[in-house]
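Comments concern the structure below.
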Amino acid sequence: MKKTYLLTPGPTPIPERVLQSQAATIPHHRTPEFEKLFGAVQLSLQSLFQTSQPVLTLASSGTGAMEAALVNLFSPGDRVICLNAGKFGERWVKLAKAYGLDPFEVRAPTGEALGKQDLETARAQIVGPIAGVLFQANETSTGVALPTQEITQWCQENQCLSVCDAITACGVIPLPMDAWGIDALITGSQKALMIPPGLAFIALSEKAWARQSQSRLPKFYFDLARERKLQAKNQTAWTPAISLICGLHASFLEIEKTGWPVLFRRFDVLARATRAGVLAMGLELLSPNAPSTSVTAVQLPMPPEAGAKIPKIMRDRYGVVVAGGQDELQGKIVRLSHLGYMGPFDMMTALQALEWSLCDQGANIRSGSGVAGALQVLTQERDILFS
Ligand SMILES: *Cc1c(COP(=O)(O)O)cnc(C)c1O
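Position 350 of the sequence shown, counting from 1, maps to 350 under my numbering, and the rest follow consecutively.
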């Protein structure tokens, strides 16, 4: 027998009460009972997005909402700038190509962010209008935070739509959609919202809704105009993922006991503590210049063949499930996640399992140095962590 810990940036751990709410007898979706619950969920989503626009709930993984954004906002041949800081930025490029848009890809060096300056450079190379900028608020594959407000502001100044994949940022850092003028804000269920995979969420600004009616890409399942009409009546166009929505309702009840502002401060503490722990072990961050509040990517001090074993040792020997690197980062990093249902003890668990696994592979790390480094931050911030 071994106790296991799920410390990946999606799916994330699920609180007991949330799990139980999904095991209850399923209500039919065309009943006053379900419609009332869905109405409450929609209000909670609006308060998370800080928007007066409806936040639409879709039955799909997060990528479904990314696809929904493209097919509802653009037309064939539209020029879009894709800010590619990793795997998920690359997904925007692939999606845009799949739908016959004309993506202009801006690639960041591994572990770096992209911002206004990169958009200026792109603008200078592009002839003709730019329909939108597609980006991640947080690039999960490299643990990089992109400057969402700066990018959004650039979009407003350059008359194009800002389309923000905030799947691992929403619910971790404040992203006030209306105040910043984000045109499409997207998140998913299995990251900060602490429920299983299967729901995606998207809200559009007034400007984006005006574009929606003119967009000429084909759409059916993800026709957001149709969803908006029905979700205003607490219904959905297709059978909703009822159990997941019940889970989300329970999750919001837990979240709202503490409130987002305090949770945002806690995630900031967990992220700072994790980075401090990593540095105290003598390791390096992949993204020291724009580190994410959601996930910390740690460079492994060994060749990739040995490095690839680290997440496996952490999982198989110590029961701590973390994410490794993908593609060219395979064997070069591990990613320690601190979003969703996570607390300070989880960070200590992750750091200690990392230390033991590295030592198993011959690294020389002072015993307990990671946890001690993290405690430098955590001990001071107990009032925020345990308020
Ligand atoms: C998890 C994630 C997604 C969505 O992936 P799905 O597998 O479709 O849920 C998209 N963008 C980012 C940044 C993510 O972390």
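Yeah, the Cβ is synthetic: ideal placement off N, Cα and C, and Gly gets one too. Keep in mind it's a predicted model, so treat the numbers as computed, not measured.
### Query
For chain B, is any of its Cβ atoms less than 7 Å away from the one on Gly-171?
The structure shown contains no chain B, having only a single protein chain.
### Message
Taking 6 Å as the cut-off, is the C-beta of Asp-444 nearer than that to any heavy atom in ligand 1?
### Response
This structure cannot speak to residue 444, because the chain is shown only from 1 to 387.
### Cut-off 8 Å between Cβ atoms - residues of its own chain near Arg-30, not counting five sequence neighbours on either side
In the sequence shown, residue 30 corresponds to position 30, counting from 1. Cβ within range, chain order: Gln-235.
### Query
Residues bridged to Gly-188 by DSSP?
Taking the sequence shown and counting its residues from 1, one reaches residue 188 at position 188. Answer is Ala-200, bridged to Gly-188.
### Message
Based on DSSP bridge pairs, tell me the residues matched to Glu-105.
### Response
Position 105 of the sequence shown, counted from the start, is the residue given in the question as residue 105. Paired residue(s): Cys-82.
### Task
Go through the residues and name those whose CB comes closer than 5 Å to any heavy atom of ligand 1, in chain order.
Gly-10, Ser-61, Gly-62, Thr-63, Phe-88, Gln-136, Thr-140, Asp-165, Ile-167, Thr-168, Gly-188
### Message
Val-80 and Ala-96 - do their beta-carbons sit closer together than 7 Å?
### Response
Position 96 of the sequence shown, counting from 1, holds the residue named residue 96. Position 80 of the sequence shown, counting from 1, holds the residue named residue 80. In this structure, Val-80 lies closer than 7 Å to Ala-96 by Cβ.
### Meets three-Cβ-pair contact criterion under 8 Å: the region 353-373 and the region 273-282
yes
### Query
Over what stretch of residues does the beta strand (DSSP E) that includes Phe-135 continue unbroken?
Along the sequence shown, one-based indexing puts residue 135 at 135. Its beta strand (DSSP E) spans residues 132-136.
### Query
Do you know offhand how far Val-269's Cα is from Glu-381's?
One-based indexing of the sequence shown puts residue 269 at position 269. One-based indexing of the sequence shown puts residue 381 at position 381. Cα to Cα, Val-269 sits roughly 7 Å from Glu-381.
### Message
Tell me the rounded alpha-carbon separation between Gly-370 and Ser-294.
### Response
Locating residue 370 in the sequence shown gives position 370, counting from the first residue. Locating residue 294 in the sequence shown gives position 294, counting from the first residue. Roughly 19 Å separates the two Cα atoms.
### Task
With distances taken Cα to Cα, identify the nearest neighbour of Ala-100 among Ala-372, Leu-217, Tyr-221, Gly-39.
Here residue 100 refers to the residue found at position 100 of the sequence shown. Residue identity check: residue 100 is Gly in the sequence provided, not Ala. For Gly-100, the nearest C-alpha among the options comes from Leu-217.
### Query
Under 7 Å between the Cβ atoms of Val-321 and Leu-336?
Working through the sequence shown from its first residue, we reach residue 321 at position 321. Working through the sequence shown from its first residue, we reach residue 336 at position 336. Cβ distance not < 7 Å, so Val-321 and Leu-336 don't count as in contact.
### Query
Considering only the beta carbon of each residue, do Leu-286 and Thr-142 sit closer than 7 Å?
Residue numbering aside, residue 286 sits at position 286 when the sequence shown is read from its first letter. Residue numbering aside, residue 142 sits at position 142 when the sequence shown is read from its first letter. In contact: Leu-286 and Thr-142 (Cβ atoms closer than 7 Å).
### Query
Taking all protein chains shown into account, do 16 or more other C-beta atoms lie within 10 angstroms of the C-beta of Phe-135, making it buried, or fewer, making it exposed?
As a first step, residue 135 is located in the sequence shown; it is residue number 135 there, counting from the start. Classification of Phe-135: buried, given that the 10 Å Cβ count is 16 or more.
### Query
Residue ranges of each alpha helix (DSSP H) run of no fewer than 4 residues wholly in the region 145-176, ordered along the chain?
148-157
### Query
Can you name the residues that DSSP bridges to Pro-291?
Counted from its first residue, the sequence shown places residue 291 at position 291. Paired residue(s): Val-144.
### Query
Are the region 224-234 and the region 242-256 touching by the rule of at least three beta carbon pairs closer than 8 Å?
no
### Message
Between Phe-267 and Leu-56, how many whole angstroms is the CB-CB distance? I'm expecting something under 8 Å.
### Response
One-based indexing of the sequence shown puts residue 267 at position 267. One-based indexing of the sequence shown puts residue 56 at position 56. At roughly 25 Å, the Cβ-Cβ gap does not stay under 8 Å, so Phe-267 and Leu-56 are not in contact.
### Message
Quick check on Gln-361: does DSSP put it in helix, strand or coil?
### Response
Counting from one through the sequence shown, the residue named residue 361 turns up at place 361. The answer is coil: DSSP assigns Gln-361 none of H, G, I, E or B.
### Query
With distances taken from CA atoms, which of Arg-123, Leu-175, Ala-184 is nearest Gln-50?
As a working mapping, residue 50 is identified with position 50 in the sequence shown. Checked all of Arg-123, Leu-175, Ala-184; the closest Cα to Gln-50 is Leu-175.
### Message
So, at 7 Å on beta carbons, what are the nonlocal neighbours of Thr-152 in its own chain, with the 5 sequence-adjacent residues on each side left out?
### Response
Against the sequence shown, residue 152 aligns to sequence position 152. Only Ser-162, Trp-180, Gly-181, Ile-182 meet the Cβ criterion.
### Supposed contact pair Val-377 and Ala-276 - C-beta distance, whole angstroms, cut 8 Å
Translated into the one-based positions of the sequence shown, residue 276 becomes position 276. Translated into the one-based positions of the sequence shown, residue 377 becomes position 377. Correct: roughly 5 Å between the Cβ atoms.
### Query
Should the region 39-50 be regarded as contacting the region 59-76, the criterion being three or more beta carbon pairs within less than 8 Å?
no
### Message
For a minimum of 4 consecutive residues, which ranges assigned as the alpha helix (DSSP H) are wholly contained in the region 212-276?
### Response
224-231, 242-258
### Query
Which residues does DSSP pair with Ala-353 in a beta bridge?
To locate residue 353, count along the sequence shown from 1; it is residue 353. According to DSSP, Ala-353 bridges with nothing at all.
### Message
So, with DSSP's three-state summary, where would you put Gln-299?
### Response
The residue you call residue 299 lines up with position 299 of the sequence shown. In this structure, Gln-299 counts as strand in the three-state DSSP scheme.
### Query
Given a threshold of 16 other Cβ atoms within 10 Å of its Cβ, counted over all protein chains shown, does Pro-303 qualify as buried or as exposed?
Residue mapping note: residue 303 aligns to position 303 of the sequence shown, counting from 1. Answer is exposed; the Cβ neighbour count stays below 16.
### Query
If Cys-155 and Val-133 are in contact, beta carbons under 8 Å, what's the gap, nearest whole angstrom?
Taking the sequence shown and counting its residues from 1, the one referred to as residue 155 is at position 155. Taking the sequence shown and counting its residues from 1, the one referred to as residue 133 is at position 133. Cys-155 to Val-133, Cβ: 5 Å. Contact.
#### Entry: Burial state of Pro-32 (16 or more Cβ within 10 Å)
Residue numbering aside, residue 32 sits at position 32 when the sequence shown is read from its first letter. Classification of Pro-32: exposed, given that the 10 Å Cβ count is below 16.
#### Entry: Per-residue burial, Gln-299 [other beta carbons within 10 Å of its own, 16 or more giving buried]
Counted from its first residue, the sequence shown places residue 299 at position 299. Gln-299 should be labelled buried.
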